[in-house]
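Down below is the structure, laid out as structure tokens.
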Amino acid sequence: MDDNQRRRITGEHTSESGGPMGTDTISTMTSVIEETRRVVNGIDDSQLGAPTPCEGWAVRDVLNHVTAGAKMFTISVRDGAIPDEQLGELMTGDNVGADFKASFGTAADDAEAAFAAPGVLDRVVKLPFGEMPAGIALNIAIFDLTTHAWDLAKATGQSTALDPAVLEAAYGAAQGMLNDDMRATGLFGPEVPVPTDAPLQDRLAALAGRQP
140 MDDNQRRRIT
150 GEHTSESGGP
160 MGTDTISTMT
170 SVIEETRRVV
180 NGIDDSQLGA
190 PTPCEGWAVR
200 DVLNHVTAGA
210 KMFTISVRDG
220 AIPDEQLGEL
230 MTGDNVGADF
240 KASFGTAADD
250 AEAAFAAPGV
260 LDRVVKLPFG
270 EMPAGIALNI
280 AIFDLTTHAW
290 DLAKATGQST
300 ALDPAVLEAA
310 YGAAQGMLND
320 DMRATGLFGP
330 EVPVPTDAPL
340 QDRLAALAGR
350 QP
């Protein structure tokens, strides 16, 4: 992936208006993790097989994905990159085991510690979709994790009205990121029409291709 492709997919060129940057990015990421932790802790074991708005994924699949994602971002931010073999294990393996709450909690704690390290925003990290400044990588994580927290809340009967500051940050990141190139990867469907005055959680979901 060349620099232009990376910028089109990550929305890096619109970062000044398309999501939180600078030191606020770290505090926002922490808030996103804690809000997701709250949703995860509200899930009952009996709901793990329930379908989610993330097409083809049950609740356990989404939990597995967000736990893997937390581990991937932790390693990438801490070490600069994640080895291909380790990435493959995270993407294809079971990351939640017998206790999904503890598994996500540990991954979340490690991520918060990695993101809080001095000078973290000055680093350049290598992710599966390209090399980029850590601040851009965190913007991607803010959007991705918030969207999946919405998926999990929706699928398990919890309120999708997540922390307004978290929703605002994720929506801002999504606006700069969800362009034609990103949607062409197949990770996100077409934007779903919703009223302009719809609640922010519904607008975020719609932007991510979900039916609120």
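For my numbering, add 139 to where a residue sits in the sequence shown, where the first one is 1.
A virtual CB, placed ideally from N, CA and C, is assigned to each residue, including glycine.
Neighbour flag for residue i against chain C, beta carbons, 8 Å
| i | result |
| --- | --- |
| Q314 | Structure shown: chain C not included; a single protein chain is present. |
Rounded C-alpha distance that separates residue i from residue j
| i | j | result |
| --- | --- | --- |
| I182 | L291 | 8 Å |
| A313 | D283 | 9 Å |
| G161 | T213 | Bear in mind that the predicted position of G161 carries a pLDDT of just 49, short of 50, making it unreliable; the figure below should be weighed with that in mind. For G161 and T213, the distance between alpha carbons rounds to 18 Å. |
| K293 | G195 | 15 Å |
| D200 | A250 | 20 Å |
| L226 | L187 | 24 Å |
| E224 | N180 | 30 Å |
| K240 | Q297 | 16 Å |
| A207 | R217 | 15 Å |
| T245 | R262 | 24 Å |
For residue i, three-class secondary structure by DSSP
| i | result |
| --- | --- |
| P190 | strand |
| L343 | helix |
| Q225 | helix |
| F327 | coil |
| Q350 | coil |
Bridge partners - residue i, DSSP secondary structure assignment
| i | result |
| --- | --- |
| L266 | G269 |
| A294 | Looking at the DSSP assignment, A294 forms no beta bridge with any residue, so it has no partner. |
| A197 | P190 |
| A220 | K265 |
8 Å CB neighbourhood of residue i in its chain, flanking five on each side removed
| i | result |
| --- | --- |
| E174 | T285, A288, L301, D302 and V305 |
| E307 | L339 |
| P332 | A345 |
6 Å Cβ shell around residue i - same chain, five flanking residues per side excluded
| i | result |
| --- | --- |
| N203 | N234 and V235 |
| R349 | P192 |
Neighbourhood of residue i by C-beta distance below 7 Å, restricted to the same chain and skipping five residues each side
| i | result |
| --- | --- |
| V205 | T175, F243, L284 and H287 |
Under 8 Å between C-beta atoms of residue i and residue j
| i | j | result |
| --- | --- | --- |
| T295 | V171 | no |
Any non-hydrogen atom of the ligand GTP within 7 Å of residue i CB
| i | result |
| --- | --- |
| D341 | Here there are no bound small molecules, and the ligand GTP is not part of this structure. |
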